[in-house]
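Chemist:
Residue numbers (my numbering), protein chains in the order written: chain A, 7 to 81; chain B, 627 to 841.
See the structure below:
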């Protein structure tokens, strides 16, 4: 099955990428933008979706600084 | 006293680390794919890059065959010093508290920094004095320290005006609870000779490491 893992900086963690994007948007004329955060997306095919959580905790995310969310993708 | 220095395919500071070690002990080259520690009395995990630092710096290197042995060695009380990418790898391996985030200004920075010694109760800083300043080069993109660390485990802080990467509480170097594993972002191995390093202050950490009584 196809899975998608969304990885985000935890709330309160310094996110300089998010800050940079948040500052760049108004400069391009896009107003009313707030709370921008930049994370990572990992897409993968897995045989056993039960292993996804362990994969996230062990490798794909660092739970100390990142939150992750697992989504299953239906074709 | 034999001190091992690990090399990954992208490591670039292993040569300087071995030269620094050679001033205080016998350097032994260790390879990331070889779990044999060749009887060393201490381990330096040097800086550079590993596995492209994909995902997060150190996240994949932490699963190299040599790291299982390093973790067992550290848990048994052996001295381990992680520098820059080595610090990131030791954090990812769970041997040190905290994590390294991208620099606050998202830029690679290469400059000489002043560090203040916070404690001499670790082997590495046993050659220093509390409050002593060490002038050591730093060069990294991902060195903003974050983590809940008891103050007694904070070994080095950036001196006022020298915290260029946004590290929490100016933390530049930490030790584990037992005090035998240390990590820092600046590069002591580049500051072992006044001719090339701006100072020889970095040598103090290696001298301290070499004085560790062999278990």
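Where a beta carbon is used, it is the ideal one built from N, C-alpha and C, also for glycine. Only a predicted model underlies this, so the values are computations on that prediction, with no experimental measurement involved.
Are residue 669 of chain B and residue 641 of chain B close, meaning C-beta to C-beta below 9 Å?
Modeler: Contact: no.
Chemist: Cβ closer than 7 Å: which chain A residues qualify as neighbours of residue 792 of chain B?
Modeler: Neighbours of residue 792 of chain B on chain A, chain order: 20.
Chemist: Measure the C-alpha to C-alpha separation of residue 74 of chain A and residue 44 of chain A and round it to an integer number of angstroms.
Modeler: One C-alpha to the other measures close to 13 Å.
Chemist: Residue 26 of chain A touches chain B at which residues, Cβ-Cβ below 7 Å?
Modeler: Within chain B, the residues near residue 26 of chain A are 732.
Chemist: At the level of alpha carbons, what is the spacing between residue 810 of chain B and residue 700 of chain B?
Modeler: Spanning the two alpha carbons is a distance of roughly 16 Å.
Chemist: Taking the alpha-carbon of residue 816 of chain B as reference, which of B:763, B:787, B:780 has the nearest alpha-carbon?
Modeler: Out of B:763, B:787, B:780, B:763 has the C-alpha closest to the C-alpha of residue 816 of chain B.
Chemist: Buried or exposed: which applies to residue 831 of chain B, given that a residue is buried once 16 or more other Cβ atoms fall within 10 Å of its Cβ?
Modeler: Residue 831 of chain B is buried by the Cβ-count criterion.
Chemist: Tell me the residue span of the beta strand (DSSP E) that contains residue 697 of chain B.
Modeler: Premise fails: residue 697 of chain B lies in the alpha helix (DSSP H), 691-701, not in any beta strand (DSSP E).
Chemist: Report the option in B:833, B:694, B:629, B:637 whose CA atom is closest to the CA atom of residue 753 of chain B.
Modeler: Considering only alpha carbons, the answer is B:833.
Chemist: Using a 10 Å radius around the Cβ and a threshold of 16 neighbouring Cβ atoms, would you call residue 788 of chain B buried or exposed?
Modeler: So residue 788 of chain B counts as buried.
Chemist: DSSP three-state label for residue 769 of chain B, please.
Modeler: Three-state result, residue 769 of chain B: coil.
Chemist: Taking a Cβ distance cut-off of 8 Å, strictly less, list which residues of the segment 670-690 of chain B are near chain A, in chain order.
Modeler: The residues in question are 681, 682, 685, 686, 689.
Chemist: Less than 9 Å between the C-beta atoms of residue 756 of chain B and residue 744 of chain B, yes or no?
Modeler: Going by C-beta atoms, residue 756 of chain B is nearer than 9 Å to residue 744 of chain B.
Chemist: Less than 9 Å between the beta carbons of residue 836 of chain B and residue 627 of chain B, yes or no?
Modeler: Cβ atoms of residue 836 of chain B and residue 627 of chain B: closer than 9 Å.
Chemist: Run through DSSP, which three-state label would residue 677 of chain B get?
Modeler: Helix.
Chemist: Is the beta carbon of residue 631 of chain B closer than 9 Å to that of residue 722 of chain B?
Modeler: No, these two residues do not count as a Cβ contact at 9 Å.
Chemist: Would you say residue 840 of chain B reaches chain A, if we count a Cβ-Cβ gap shorter than 9 Å as a contact?
Modeler: Because residue 840 of chain B carries a pLDDT of 44, less than 50, the predicted location of this residue cannot be relied on, and the following value inherits that uncertainty. Residue 840 of chain B does not count as touching chain A.
Chemist: When Cβ atoms are compared, which residues of the segment 52-78 of chain A fall closer than 8 Å to chain B?
Modeler: Those would be 65, 66, 68, 70, 71, in chain order.
Chemist: With DSSP collapsed to three states, give me the class of residue 831 of chain B.
Modeler: Residue 831 of chain B falls in the helix class under three-state DSSP.
Chemist: Whole angstroms are fine: how far does the CA of residue 768 of chain B sit from the CA of residue 56 of chain A?
Modeler: The straight-line gap from Cα to Cα measures roughly 32 Å.
Chemist: Residue 727 of chain B touches chain A at which residues, Cβ-Cβ below 9 Å?
Modeler: Ordered by position in chain A, the residues that pass the 9 Å Cβ test against residue 727 of chain B are 15, 19, 20, 21, 22, 71.
Chemist: Just to confirm, is the Cβ distance from residue 71 of chain A to residue 16 of chain A under 9 Å?
Modeler: In contact: residue 71 of chain A and residue 16 of chain A (Cβ atoms closer than 9 Å).
Chemist: Report back the beta-carbon spacing between residue 726 of chain B and residue 714 of chain B to the nearest angstrom; my notes put them in contact at under 8 Å.
Modeler: Correct: roughly 5 Å between the Cβ atoms.
Chemist: For residue 770 of chain B, decide whether its Cβ has a neighbour in chain A, counting only Cβ atoms nearer than 9 Å.
Modeler: Chain A, which has a Cβ nearer than 9 Å to the Cβ of residue 770 of chain B, makes this yes.
Chemist: Can you check whether the CB of residue 695 of chain B is closer than 9 Å to the CB of residue 635 of chain B?
Modeler: It is not a contact, given that the beta carbons lie outside the stated cut-off.
Chemist: Below 6 Å CB to CB, which residues in the same chain sit around residue 760 of chain B once its five sequence neighbours on both sides are set aside?
Modeler: 741, 827.
Chemist: Does the beta carbon of residue 10 of chain A sit closer than 9 Å to a beta carbon anywhere in chain B?
Modeler: No, residue 10 of chain A does not count as interfacial toward chain B.
Chemist: Measuring CA to CA, which of A:64, A:40, A:80 is closest to residue 720 of chain B?
Modeler: For residue 720 of chain B, the nearest C-alpha among the options comes from A:64.
Chemist: Which value, in whole angstroms, describes the spacing of the CA atoms of residue 829 of chain B and residue 746 of chain B?
Modeler: Straight-line Cα distance between these residues: approximately 15 Å.
Chemist: For a quick check, are the C-beta atoms of residue 659 of chain B and residue 691 of chain B less than 9 Å apart?
Modeler: Yes, these two residues count as a Cβ contact at 9 Å.
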